[in-house]
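Participant: Residue numbering for the sequence shown follows the numbering used here, starting at 719 and increasing by one per position.
This is the structure I want to talk about, given as structure tokens.
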Amino acid sequence: MILDKINSPDDVRKLDIDGLRTLCAELRDYIVRCCSENPGHLASSLGAVELIVGLHYVFDTPKDKLIFDVGHQAYAHKILTGRKEAFRKNRMPDGISGFPNRDESEYDAFGAGHASTSISAALGMAEAAKLSGSGEKVVAMIGDGAMTGGLALEGLNNAGEGGTDLLVVLNDNDMAIDGNRGALHSYLLRMTTDPAYNRLKTHIWDKLGAGKFRNRIQRLVRNTKSGLVTTSGGDLFEAFGFRYFGPIDGNDIEEVVRTLRRLKDIKGPKILHTCTVKGKGYAPAESDPTTWHAPGKFNPETGERPVKEYPAARYQDVFGQVLCELAGKDQKVVGITPAMATGSGMSGFAAKFPDRFFDVGIAEEHAATFAAGLAAGGMKPYCVIYSSFAQRAYDEIIHDIALQHLNVVLCLDRAGLVGEDGATHQGAFDMASLRCIPGTIIAAPKDEIELKRLLYTGAGIKNGPFVIRYPRGLGEGKDWMNAAPDPFEIGKGEKIAEGEEIAILALGPVANRAAEAAERLRKETGRGPAIFNVRFLKPIDAGILEEAARFRNILTLEDGCLKGGLFSEVSEYVAGHGLDIKVKGLGIPDRFITQATVARQREVCGLDAERIYSEIACLFQK
719 MILDKINSPD DVRKLDIDGL RTLCAELRDY IVRCCSENPG HLASSLGAVE LIVGLHYVFD
779 TPKDKLIFDV GHQAYAHKIL TGRKEAFRKN RMPDGISGFP NRDESEYDAF GAGHASTSIS
839 AALGMAEAAK LSGSGEKVVA MIGDGAMTGG LALEGLNNAG EGGTDLLVVL NDNDMAIDGN
899 RGALHSYLLR MTTDPAYNRL KTHIWDKLGA GKFRNRIQRL VRNTKSGLVT TSGGDLFEAF
959 GFRYFGPIDG NDIEEVVRTL RRLKDIKGPK ILHTCTVKGK GYAPAESDPT TWHAPGKFNP
1019 ETGERPVKEY PAARYQDVFG QVLCELAGKD QKVVGITPAM ATGSGMSGFA AKFPDRFFDV
1079 GIAEEHAATF AAGLAAGGMK PYCVIYSSFA QRAYDEIIHD IALQHLNVVL CLDRAGLVGE
1139 DGATHQGAFD MASLRCIPGT IIAAPKDEIE LKRLLYTGAG IKNGPFVIRY PRGLGEGKDW
1199 MNAAPDPFEI GKGEKIAEGE EIAILALGPV ANRAAEAAER LRKETGRGPA IFNVRFLKPI
1259 DAGILEEAAR FRNILTLEDG CLKGGLFSEV SEYVAGHGLD IKVKGLGIPD RFITQATVAR
1319 QREVCGLDAE RIYSEIACLF QK
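Here it is as structure tokens:
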């Protein structure tokens, strides 16, 4: 096994082309087998194997910098850079992150997890290299999906204008390569990457100098070239000031290496368009790359995935079905997602109401303002965005939705702790960031029934935005389908349990863990706290606050960061009224929570029933 002898990219550079082909095959097999037992992002990484091997082979990493976008493609990179054994525990607490992480390896030049960051980051690093005179090369590797993000286009625009020495590798895994093959294409690729051609082009350009004559020649050359390669999409990148090369077969290691070698010493901003097959080399993933993007556990020999029997509905499925109900009753209801239709439970809505379903691609900022435009036009938009990605749309939520009092329902999926994706994906900050925006309503359901009712509540809002945050995964097992879809009164919570000495104010499903802990304590001691399901963070139920103020202690519980959320809201109330009450909060602490199971992360943050029980017991003893 060649892979057994690979401990760093230096070992990769000792191989010949045949050795590289064997290495690519072994990498794929290793990734498949590791991911079958320890799930991760499979299909994207399988498609990018040759690109990553080629980049490490041609460039002098870690001196030369390889910048990933999102990081779903980076598994081969991790394995080749000294983390082969650690990869067996990818995305686990005692293993490595599923994404590039600067704290993890010198080969991870820039952290990733969210889309469209690589070009801007790589440009900054390239400028730093130029200013310091280090001579290092910088390569940004970005997928076609991430190119829809505005940040990617901003980076392209800036890089092309400045003329900085930068290579962008576009990994296009959603485009058929056949149409761009053939003799003419191969000739153009060889010509445009040939060192002699590029030396001559640069020399002529310099001799011509600035002025109308050079501009005319440049226009003629571009028009001639664009007429030959227009089907490849090169015109767009050339308009940004990039020299465009490709497309090439990104799964052909010989072509990848040959092309990268030629591009390595070409100065200025350039983009290499590569076409790859998502899931390459593993038939089940090739045939269904969406499912196999993150398939969970599976049999590596057969591709068989265990049938999951859920004891309760997923919040995502509740959202999707209720949205269909709402759309069936109201022609103005529309659904928006930035490339997360399947994960957010919107596939059914898309099939049933195609004219009212909008997948805007990876473009959260656009999604928010697009929703604002729909609302301004009289529609009722439900815009579903993962909580961690909604951070990108913060200005749009303020400027385009809240400031104009537009009735947009922002459904923040994956709010709170999300598990193995780790620090980049925790939905920790939405409540703290949105609570300060005037006119914003923020709610969190404690179970599936409340999610259903909140979605119906959103249909009647008059001065949005209305934010509904809910977690990833299973609900509480409630019969939500037969529950009445009665809207809630805005700003009204509920008392779950009577009690003494201690008032627990909980927001979201953690209220159920509080009830479990309190019931256990009452059975053991005969005493227990009063429990309130706040339901609305903003406006918070003034009656609940007034009643809680009569207790000696208040304990707040929230699946979000303590700074700026429910704990802050209650503390501000107590301080503002000069009350002599002790307030303690359990929630996500002031640090980034790394990869682990959701259950383990709840334990770390004190949001499991056991920790809540201990806190209540201690408060009673004081």
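Here a beta-carbon is modelled for each residue, glycine too, at the ideal position from N, C-alpha and C.
1. Taking Cβ positions, are I1054 and C1101 nearer each other than 7 Å?
2. Buried or exposed: which applies to Q1339, given that a residue is buried once 16 or more other Cβ atoms fall within 10 Å of its Cβ?
3. DSSP on G1303, reduced to helix/strand/coil?
4. Which of helix, strand or coil does DSSP assign to N756?
5. Using a 10 Å radius around the Cβ and a threshold of 16 neighbouring Cβ atoms, would you call P1183 buried or exposed?
6. So what's E1276 in DSSP terms, helix, strand or just coil?
7. By DSSP, does H1295 sit in helix, in strand, or in coil?
8. Secondary structure at T1087, three-state DSSP: helix, strand or coil?
9. Go ahead and label K723 buried or exposed: buried means 16 or more other beta carbons lie within 10 angstroms of its beta carbon, across all protein chains shown.
10. Any contact of the region 1092-1099 with the region 1129-1143, i.e. 3+ C-beta pairs under 8 Å?
11. When the Cα atoms are used, what is the spatial distance from T992 to L769?
12. Indicate whether A792 and S834 have their beta-carbon atoms separated by less than 7 Å.
13. I'd like to know whether the C-beta atoms of P1002 and F960 end up nearer to each other than 7 Å.
14. In whole angstroms, what is the alpha-carbon distance linking I785 and G878?
15. Comparing alpha-carbon positions, which option in I749, Y748, L773 and C752 lies nearest R731?
16. Decide yes or no for the touch test of the region 1290-1299 against the region 1308-1317: beta carbon pairs closer than 8 Å, at least 3 of them.
17. Nearest CA to the CA of G1157: which residue from G1063, K1256 and E1242?
18. In chain order, which continuous runs of the beta strand (DSSP E) of length 3 or greater are located wholly inside the region 965-998?
19. For the alpha helix (DSSP H) containing I785, list its first residue and its last residue.
20. With a CB to CB cut of under 6 Å and the five nearest residues on each side skipped, what residues in its chain are close to A1232?
21. Compare the C-alpha of Y748 against each of I797, L990, P818 and G829 and name the closest.
22. Is C1323 buried or exposed, if buried means 16 or more other CB atoms sit within 10 Å of its CB?
23. In three-state DSSP terms, what is M859?
24. Is the beta carbon of G851 closer than 7 Å to that of N889?
25. Can you tell me which residues form a DSSP beta bridge with F1184?
26. Given a threshold of 16 other Cβ atoms within 10 Å of its Cβ, counted over all protein chains shown, does E1199 qualify as buried or as exposed?
27. What's the gap between the Cα of A1150 and the Cα of R1023?
28. So is A1202 buried or exposed if we call it buried at 16+ other beta carbons inside 10 Å?
29. Less than 7 Å between the C-beta atoms of G868 and E1168, yes or no?
30. Taking the alpha-carbon positions, what's the D1035 to F777 distance?
31. Considering Cα atoms alone, identify which of V974, K1164, L1263 and L884 is closest to S1289.
32. Give the DSSP bridge partners of N1271, in chain order.
33. Kindly identify the DSSP beta-bridge partner or partners of N808.
34. Mind reading off the beta-carbon distance from A1267 to N1251? Whole number of angstroms is fine, and I expect it under 8 Å.
35. Provide the residue span of the alpha helix (DSSP H) that contains I1179, from first to last.
36. Can you name, in chain order, every residue of its own chain whose Cβ lies under 8 Å from the Cβ of N725, other than the five neighbours on each side?
Facilitator: Walking through what the data contain:
1. Result yes, Cβ atoms of I1054 and C1101 sit closer than 7 Å.
2. So Q1339 ends up on the exposed side.
3. In the displayed model, G1303 falls within a strand according to three-state DSSP.
4. For N756, the secondary structure class from DSSP, reduced to helix, strand or coil, is coil.
5. Of the residues assessed, P1183 falls on the buried side of the cut-off, its CB having 16 or more other CB atoms within 10 angstroms.
6. Of the three classes helix, strand and coil, the one that applies to E1276 here is strand, per DSSP.
7. DSSP places H1295 in coil when its eight states are reduced to three.
8. Three-state DSSP puts T1087 in a helix.
9. Looking at its Cβ environment, which holds fewer than 16 other Cβ atoms inside 10 Å, K723 is exposed.
10. These segments do not touch.
11. Take the alpha-carbon of T992 and the one of L769: they are about 9 Å apart.
12. Contact: no.
13. No, the pair does not count as a contact, with Cβ atoms beyond the cut-off.
14. For I785 and G878, the distance between alpha carbons rounds to 18 Å.
15. That would be L773, whose Cα lies nearest to the Cα of R731.
16. Taking a cut-off of 8 Å for Cβ pairs, the region 1290-1299 and the region 1308-1317 do not touch, as fewer than three such pairs fall below it.
17. Per the Cα distances, K1256.
18. Counting only runs of 3 or more, we get 987-993.
19. Premise fails: I785 lies in the beta strand (DSSP E), K783 to F786, not in any alpha helix (DSSP H).
20. These residues qualify, in order along the chain: I1222, A1224, I1249, L1275 and I1330.
21. Closest by alpha carbon: I797.
22. It counts as buried.
23. In the structure shown, M859 falls within a strand segment according to DSSP collapsed to helix, strand and coil.
24. Between N889 and G851, the CB-CB gap reaches or exceeds 7 Å.
25. Residue pairing by DSSP places F1184 opposite V1127 and I1159 in a beta bridge.
26. The identity of residue 1199 in the sequence shown is Met, whereas the question assumes Glu. It is exposed - the Cβ of M1199 has fewer than 16 other Cβ atoms within 10 Å.
27. If I take the Cα positions, the gap works out to 39 Å.
28. Exposed is the call here.
29. No, the pair does not count as a contact, with Cβ atoms beyond the cut-off.
30. If you take the alpha carbons of D1035 and F777, they lie about 46 Å apart.
31. Ranking the options by Cα distance to S1289, first place goes to L1263.
32. Answer is I1220 and K1300.
33. Answer is I814, bridged to N808.
34. Actually they do not touch by this definition, with Cβ atoms about 17 Å apart.
35. Per DSSP, I1179 lies in no alpha helix (DSSP H) and is assigned neither H nor E.
36. So the qualifying residues of the chain are G800 and K802.
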